[in-house]
Ligand SMILES: [Zn+2]
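Residue numbers (full-length UniProt numbering): 1 to 445.
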């Protein structure tokens, strides 16, 4: 921490002096800029060249010279109710954790994400916690708990039997939370979008495909349960390891249904995120006009060309490949695919499917972008302005991800020169959200 921030800092406009500021539009690092912010509106008043021979900076202004300042990070694919499946598999989180525990965990997760420099989350589904993300979002927006600015999907849309907790024993009326808002047919999906909008969703998420036939060869999930003795063929033996031959994904909606989802959402100026991995699903969802494709992890030239043609934003969620893929060759291919997308000029956004990597470790996705060979500047763009575009751009009601007049005063201060050492991504010196300095994960008010 550079200096103690007294409470009075937040009563009046103040100036932040920087020596290295990332410009997410020009992709340049600007030298010696002074940012005037208004903590009451949460917005930037102006960005100007610093006064020549700027000496000691006194309260309430901030001296961030010597560090790298970037716009607040956006995690474009997060699940604030989820913690790593390596700790607790999804089944147990969804079925066995109480709603109270899940909501309290969401509070902790939000705080951890903010502390790591993520001032915005696009949160793509509660995974069995109904519409509870709405209340978490509002509690943050009202200043009750600290956290990133949330744009939430509430429940994802899926077709019958498409995305749900699988259980073999359904006799006796055992109930589990639903994982999706189920709809089938052009009119029914339209009604689904309307339900989500009415509930308060900021973004519509739908599953273009899923591995829905898992109960053909169920996994052993309870103590003493038995594995299928002679499975059709072993995972990874044919095809690719993430799309298991035992249970390959298939599309959950036909083209008309996908078109209907997007048409209805866009009528309300609401962005649409689509879960899709195989080329078939990516192409259908992209042609339907979705805002973003999530995962898209089966490398495909055809998928990339379609996303490029339709100007679809691609959120490759490389963290999923990092966590789930034992096959090193395939992991490499997934990273290479993201790099190729970038080279083709496809708009990218970073989102780790966070929850899969722990909240607080959100920057892992940026590290994987870099490992894939995507430049630091392009990675930072995807993590800032790209995230704003994924949230719907001006449709979302805010401007963030760029440091300019009228935009939200969201800043991450990274220790030292990020260009020389990308390890600085994890050395967060200070986080500013809406012009307020975040202190120990909380916000001084
Ligand atoms: Zn997800």
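Glycine is no exception: its CB is placed at the ideal position from the N, C-alpha and C atoms.
What's the gap between the Cα of residue 152 and the Cα of residue 177? 19 Å
With 16 other Cβ atoms within 10 Å as the buried cut-off, status of residue 171: Per the 10 Å Cβ criterion, exposed.
Distance between beta carbons of residue 264 and residue 194, contact taken as under 8 Å: Indeed, because the Cβ distance is near 7 Å, the residues count as touching under 8 Å.
Own chain partners of residue 258 with C-beta closer than 7 Å, once the 5 adjacent residues on each side are dropped: 208, 284, 285, 288
Evaluate residue 202 with the Cβ neighbour count: other Cβ atoms within 10 Å of its Cβ, from every protein chain shown; 16 or more gives buried, anything less gives exposed. buried
N- and C-terminal bounds of the beta strand (DSSP E) containing residue 467: This structure leaves residue 467 out entirely; the chain is present only between 1 and 445.
contact_flag[the stretch 67 to 75, the stretch 411 to 431] where n(CB pairs < 8 Å) is 3 or more: yes
Alpha carbons only, please: which of 215, 224, 344, 339 is nearest the one belonging to residue 231? 215
Distance between beta carbons of residue 43 and residue 423, contact taken as under 8 Å: With 8 Å as the limit, residue 423 and residue 43 do not qualify as a contact, their Cβ atoms being about 31 Å apart.
Just mark residue 419 as buried or exposed, buried being the case when its beta carbon has 16 or more other beta carbons within 10 Å. Residue 419 counts as exposed, since fewer than 16 other C-beta atoms from the protein chains shown sit within 10 angstroms of its C-beta.
In the structure shown, what three-state DSSP assignment does residue 337 receive? helix
What distance in whole Å lies between the Cβ atoms of residue 320 and residue 447, which are believed to be in contact at a cut-off of 8 Å? With the chain covering only 1 through 445, there is no way to say anything about residue 447.
Same chain only: Cβ atoms within 8 Å of residue 218, ignoring 5 sequence neighbours per side: 166, 168, 228
Since residue 156 contacts residue 188 with CB under 8 Å, what's their CB separation in whole angstroms? Rounded, the Cβ-Cβ distance is 15 Å, inconsistent with contact.
Residues that DSSP places opposite residue 180 in a beta bridge: 156
Going by DSSP, what residues sit across from residue 48 in a beta bridge? 34
To the nearest angstrom, how far is it from the Cα of residue 243 to the Cα of residue 249? Residue confidence is low: residue 243 scores 49 on pLDDT, short of 50, so the model does not pin down where it sits. Its coordinate-derived value is still stated next. Distance between the alpha carbons of residue 243 and residue 249 is about 7 Å.
Could you tell me the boundaries of the beta strand (DSSP E) in which residue 22 lies? 14 to 23
Residue 433: buried (16+ other C-beta within 10 angstroms of its C-beta) or exposed? buried
Let's test the definition: count the other Cβ atoms within 10 Å of the Cβ of residue 138 and tell me whether it reaches 16, buried, or not, exposed. exposed
Sequence-distant residues of the same chain with beta carbon closer than 6 Å to residue 125, five excluded per side: Excluding residues within five positions, the ones whose Cβ falls inside 6 Å are 153, 156, 205.
Give me, in chain order, the residues of the same chain whose beta-carbon lies closer than 6 Å to that of residue 109; leave out the 5 immediate sequence neighbours on both sides. 80, 359
On the criterion of 16 or more Cβ atoms from any shown chain inside 10 Å, does residue 144 qualify as buried, or is it exposed? Label assigned to residue 144: exposed.
Tell me, please, which residues DSSP counts as bridged to residue 408. According to DSSP, which records beta bridges pairwise, residue 408 is partnered with 43.
Quick one: is the Cβ of residue 124 within less than 7 Å of any heavy atom of ligand 1? yes
Along the chain, which unbroken stretches of the beta strand (DSSP E) at least 3 residues long are found entirely within the stretch 302 to 388? 313 to 315
Let me know the secondary structure DSSP gives residue 243 once reduced to three states. Confidence at residue 243 is low in this model, with a pLDDT of 49, below 50, so the placement of that residue should be treated as unreliable; the coordinate-derived value is given next. Coil.
Any idea which residues DSSP pairs residue 251 with across the strands? In the DSSP output, where bridge partners are listed per residue, residue 251 has 209.
Given a cut-off of 8 Å on the beta-carbon distance, is the pair residue 91 and residue 132 in contact? no
Tell me the residue span of the beta strand (DSSP E) that contains residue 122. 118 to 123
Taking just the CA atoms, how far does residue 26 sit from residue 386? 13 Å
Contacts around residue 12, its chain only, beta-carbon distance under 6 Å, and the 5 residues preceding and following it disregarded: In its own chain, leaving out the 5 sequence neighbours on each side, no residue places its CB closer than 6 Å to the CB of residue 12.
At the level of alpha carbons, what is the spacing between residue 370 and residue 75? Looking at the two C-alpha atoms, the distance is approximately 16 Å.
Hey, residue 373 and residue 332: beta-carbon distance below 8 Å or not? no
Short of 7 Å in beta carbon distance, which residues of its chain neighbour residue 401, apart from the five on each side in sequence? Order them along the chain. Cβ neighbours of residue 401 beyond the five flanking positions: 24, 71, 74, 384, 385, 387, 388.
Out of 33, 128, 270, point me to the one whose CA is closest to residue 122's CA. 270
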